[in-house]
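Note that the sequence shown covers residues 3 to 58 in our numbering.
As structure tokens, the structure follows; a few thoughts come after it.
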Amino acid sequence: MTALAEQFGRQCTVVAIDARRRSDDWEVVVRSGKEGTGRSVVDWAREVEDRGAGEI
Numbered sequence: 003m004t005a006l007a008e009q010f011g012r013q014c015t016v017v018a019i020d021a022r023r024r025s026d027d028w029e030v031v032v033r034s035g036k037e038g039t040g041r042s043v044v045d046w047a048r049e050v051e052d053r054g055a056g057e058i
């Protein structure tokens with residue numbers, strides 16, 4: 003992610019996050035929503051922004 007943002011610019015670096023509701027927040031999911039990652043959507047969004055994502 004960081005390398006892409008440095009090469010192409012933050013404005014060209016877009017991240018999509020798939021999520022599902024947990025009891026008290028939202029969890030990032032993979033494999034068409036079949037597998038949870040254990041990561042909070044908010045935490046992951048902050049991390050990809052720090053790594054150079056221009057759009058989430």
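For every residue, glycine included, the Cβ atom is placed at its ideal position computed from N, Cα and C.
Same chain, Cβ closer than 7 angstroms to residue i, neighbours up to 5 away in sequence not counted
i     : result
Gln47 : The sequence as given places Ala at residue 47; Gln does not occur at that position. Correct list, in chain order: Ile19 and Ile58.
Val50 : Met3, Val17 and Ile58
Asp52 : none
Neighbourhood of residue i by C-beta, 6 angstroms cutoff - its chain only, sequence neighbours within 5 removed
i     : result
Gly54 : Met3, Thr4, Ala7, Arg12 and Thr15
Residues near residue i by beta carbon distance below 8 angstroms, same chain, minus five either side
i     : result
Asp27 : Ser42, Val43 and Val44
Arg22 : Trp28, Glu29, Val31, Gly35 and Gly38
Gly56 : Ala7, Gly11, Arg12, Gln13, Cys14, Thr15 and Val16
Should the stretch 6-16 be regarded as contacting the stretch 36-43, the criterion being three or more beta carbon pairs within less than 8 angstroms?
no
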